[in-house]
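**Q**
There are 2 protein chains.
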Amino acid sequence: MGRPVAFVDQHPGRGRREPGRAVGLSRPPAPGGSSQLPAPGGSSRPPAPGGAWDGGTDPATDEALRALAEPRRRAILRLVAHQELPAGQIAAAFEVTRTAVSQHLTVLKNAGLLTERRDGTRRLYRARPEGLAGLRQLLDHLWAASLDAARQLVEAERGIVDDEREAAG
Amino acid sequence: MGRPVAFVDQHPGRGRREPGRAVGLSRPPAPGGSSQLPAPGGSSRPPAPGGAWDGGTDPATDEALRALAEPRRRAILRLVAHQELPAGQIAAAFEVTRTAVSQHLTVLKNAGLLTERRDGTRRLYRARPEGLAGLRQLLDHLWAASLDAARQLVEAERGIVDDEREAAG
DNA sequence: GACGAACGTTAGTGAAGACTGACGATGATG
DNA sequence: CATCATCGTCAGTCTTCACTAACGTTCGTC
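Chains as they are written, first to last, in my numbering: chain A, 1 to 169; chain B, 1001 to 1169.
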């Protein structure tokens, strides 16, 4: 069915867990076929209606978002936002096994949200502010754009009301 | 094993999809047993080491984060951030079926990230800036706290270096 | 060297989640 | 009224993901 293709959402089929990758956060199928769809700002094609398209999030931001979608990982990040803590102390704050917490720490680290430092047998973790930069940028962009859309609607309504007044007057 | 319980991570076991809830985003098991753990700011208990604990995210923000963790939902939100669009036009921008896009629209709407308006047979969707407020707040808080932690480490290093100079001098 | 502490990795399990095909609902048109 | 357009819901399938138990690695101590 001849569909308008503003962008190509290639779905190469779901794969198994990638070898060498931690539990959780397998690389998602690039919804847009990311090699085909440059990010906004670097576009070599005119954007789809509405200006933004898939592939608009760099992989680091995607990984950070998916890492934070799990409540325990958010809790971990909150714990180590103020000061670095050893893995054991972080794990003690959770009801799940130390193994599960260790796996979450790995996901956060791989997503660039944590730094790790070794001190003898201990591994000390701390939140990494740079890891949040892409997320903040994404949200700021969405925020600004959605305010813009809301403003357009208000103005459109005002135009309609004014037109109706003119027709009646 | 007598564990220090900074907070209780109750895990009532994963449940089936809740009746009446859309595909995707079943209510996650509250990692902290949220009725037991007030959010920061309203705390009736001293906070865990590091100041933040689980249950620190209100359900709306949790749902928004999980909604945005899926790349296609982010793409949808980008599409409708600048202007409202009908469901069919949104779906035309994706390779997956219209059913899948419809399900994603429902998830975004339930997460408070989209508004819907009907125009005859069409349903028009637009990004909802208020839906992002909690996420922005969460990230701002994490950003500020992690800068604080980085600063503490730098100062601690400076203190160590200074102490070493005093010992050698 | 052995042993213990601190912590990560592997493999398997069960639930959540994203998808599709088929079907249902609502509004507009003739 | 029937028919079409627009779009959502339902049920099933398959993949992803968070968990646990068991095992492995590194560092410090004796």
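Backbone N, C-alpha and C define an ideal beta-carbon position, used for all residues, glycine too.
1) So residue 1097 of chain B contacts chain A; which residues on that side make the cut at Cβ distance below 8 angstroms?
2) Roughly how many angstroms lie between the CA atoms of residue 1120 of chain B and residue 157 of chain A, to the nearest whole one?
3) Determine, for residue 1057 of chain B, whether the minimum Cβ-Cβ distance to residues of chain A falls below 8 angstroms.
4) With distance defined between alpha-carbon atoms, name the residue in A/63, A/72, A/75 and A/74 nearest to residue 1070 of chain B.
5) Can you check which of these residues, B/1072, B/1132, B/1066 and B/1065, is closest to residue 56 of chain A by C-alpha distance?
6) Quick one, which of B/1108, B/1098, B/1129 and B/1138 has its alpha-carbon nearest residue 68 of chain A's?
7) What does the alpha-carbon distance come out to for the pair residue 145 of chain A and residue 152 of chain A?
8) Alpha helix (DSSP H) containing residue 1061 of chain B: first to last residue?
9) Please compile the residues from chain A whose C-beta is within a distance smaller than 8 angstroms of the C-beta of residue 1126 of chain B.
10) Between residue 86 of chain A and chain B, is there a C-beta pair that is closer than 8 angstroms?
11) Taking only runs that begin and end inside the segment 55-129 of chain A, name each unbroken alpha helix (DSSP H) of 4 or more residues, in chain order.
12) Does the count of Cβ pairs from the segment 1119-1135 of chain B and the segment 114-132 of chain A closer than 8 angstroms reach three?
13) So for residue 26 of chain A, helix, strand or coil by DSSP?
14) Quick one: which chain B residues come within Cβ less than 8 angstroms of residue 105 of chain A?
15) Can you have a look at residue 1115 of chain B and say buried or exposed, based on whether 16 or more other CB atoms are within 10 angstroms of its CB?
16) Chain B partners of residue 135 of chain A, CB-CB under 7 angstroms?
17) Use the C-beta contact count for residue 1117 of chain B: other C-beta atoms within 10 angstroms, 16 or more gives buried, fewer gives exposed.
18) Under the three-state reduction of DSSP, which class applies to residue 1157 of chain B: helix, strand or coil?
19) Does residue 1062 of chain B come within less than 8 angstroms of chain A when only Cβ atoms are used?
20) Against chain A, with Cβ distances strictly below 8 angstroms, would residue 1074 of chain B count as a contact?
21) Determine whether the Cβ of residue 1157 of chain B lies closer than 8 angstroms to any Cβ atom of chain A.
22) Which residues in the same chain as residue 1077 of chain B place their Cβ atom closer than 8 angstroms to its Cβ, once the five residues preceding and following it in sequence are excluded?
23) Just to confirm before moving on: does the CB-CB distance between residue 65 of chain A and residue 135 of chain A stay below 8 angstroms?
24) Taking the alpha-carbon of residue 1102 of chain B as reference, which of B/1093, B/1087, B/1095 and B/1110 has the nearest alpha-carbon?
25) Which bits of chain A does residue 1108 of chain B rub up against, with CB to CB less than 8 angstroms?
26) Compute the distance between the beta-carbons of residue 1173 of chain B and residue 81 of chain A, then report whether it is under 8 angstroms.
27) Going straight from the alpha carbon of residue 91 of chain A to that of residue 105 of chain A, what length do you get?
**A** Looking at the atomic coordinates:
1) One-based indexing of the second sequence puts residue 1097 of chain B at position 97. Listed along the chain, the chain A residues whose CB falls inside 8 angstroms of the CB of residue 1097 of chain B amount to none; the nearest CB is some 10 angstroms away.
2) Numbered from 1 along the second sequence, position 120 holds the residue referred to as residue 1120 of chain B. Numbered from 1 along the first sequence, position 157 holds the residue referred to as residue 157 of chain A. Their Cα atoms are separated by approximately 17 angstroms.
3) Here residue 1057 of chain B is taken as the residue at index 57 of the second sequence, counted from 1. The beta carbon of residue 1057 of chain B falls within 8 angstroms of a beta carbon belonging to chain A, placing the residue at that interface.
4) Taking the second sequence and counting its residues from 1, the one referred to as residue 1070 of chain B is at position 70. Between residue 1070 of chain B and the set A/63, A/72, A/75 and A/74, the nearest pair of CA atoms involves A/63.
5) Counting from 1 along the first sequence, the entry for residue 56 of chain A is found at position 56. It is B/1072 whose Cα lies nearest to the Cα of residue 56 of chain A.
6) The residue you call residue 68 of chain A lines up with position 68 of the first sequence. Of B/1108, B/1098, B/1129 and B/1138, the residue nearest in Cα terms is B/1138.
7) If you number the first sequence from 1, residue 145 of chain A lands on position 145. If you number the first sequence from 1, residue 152 of chain A lands on position 152. Answer to the nearest angstrom: the Cα atoms are 11 angstroms apart.
8) The residue you call residue 1061 of chain B lines up with position 61 of the second sequence. It spans 1059-1068 - the alpha helix (DSSP H) in which residue 1061 of chain B sits, taken as one unbroken run.
9) Locating residue 1126 of chain B in the second sequence gives position 126, counting from the first residue. Within 8 angstroms Cβ-Cβ: 146, 149, 150 and 153.
10) Position 86 of the first sequence, counted from the first residue, corresponds to residue 86 of chain A. Not an interface residue.
11) DSSP assignment within the segment 55-129 of chain A yields the following whole alpha helix (DSSP H) runs of 4 residues or more, N-terminal first: 59-68, 71-79, 87-91 and 98-110.
12) Using a Cβ-Cβ distance cut-off of 8 angstroms, the segment 1119-1135 of chain B and the segment 114-132 of chain A are not in contact, since fewer than three pairs of beta carbons, one from each stretch, lie closer than that value.
13) Working through the first sequence from its first residue, we reach residue 26 of chain A at position 26. Residue 26 of chain A: coil per DSSP, three-state reduction.
14) Residue 105 of chain A sits at position 105 when you count from the first residue of the first sequence. Here the premise fails: no neighbours, minimum Cβ distance about 14 angstroms.
15) Stepping through the second sequence from its first residue, residue 1115 of chain B is reached at position 115. Classification for residue 1115 of chain B: buried.
16) On the first sequence, position 135 is the one that residue 135 of chain A refers to. Ordered by position in chain B, the residues that pass the 7 angstroms Cβ test against residue 135 of chain A are 1139.
17) Position 117 of the second sequence, counted from the start, is the residue given in the question as residue 1117 of chain B. A residue is called buried once 16 or more other Cβ atoms fall within 10 Å of its Cβ, and residue 1117 of chain B, having fewer, is exposed.
18) Stepping through the second sequence from its first residue, residue 1157 of chain B is reached at position 157. Residue 1157 of chain B falls in the helix class under three-state DSSP.
19) For the purposes of this step, residue 1062 of chain B is identified with residue 62 of the second sequence, where counting begins at 1. True, the Cβ-Cβ gap to chain A drops below 8 angstroms.
20) Counting from 1 along the second sequence, the entry for residue 1074 of chain B is found at position 74. Under the Cβ distance rule, residue 1074 of chain B counts among the residues neighbouring chain A, one pair being separated by less than 8 angstroms.
21) As a first step, residue 1157 of chain B must be located in the second sequence, where it is residue number 157. It does not: the Cβ of residue 1157 of chain B has no partner Cβ on chain A nearer than 8 angstroms.
22) Against the second sequence, residue 1077 of chain B aligns to sequence position 77. By the criterion of a C-beta distance shorter than 8 angstroms, residue 1077 of chain B is surrounded in its chain by 1068, 1108, 1113, 1114 and 1127, once the five residues flanking it on both sides are discounted.
23) Walking along the first sequence from the start, residue 65 of chain A turns up at place 65. Walking along the first sequence from the start, residue 135 of chain A turns up at place 135. Contact flag set, yes.
24) Counting from one through the second sequence, the residue named residue 1102 of chain B turns up at place 102. Checked all of B/1093, B/1087, B/1095 and B/1110; the closest Cα to residue 1102 of chain B is B/1087.
25) As a first step, residue 1108 of chain B must be located in the second sequence, where it is residue number 108. Near residue 1108 of chain B there are no residues of chain A at all, since even the closest Cβ is about 12 angstroms away, more than 8 angstroms.
26) This structure leaves residue 1173 of chain B out entirely; chain B is present only between 1001 and 1169.
27) One-based indexing of the first sequence puts residue 91 of chain A at position 91. One-based indexing of the first sequence puts residue 105 of chain A at position 105. Whole-angstrom Cα-Cα distance: 10 angstroms.
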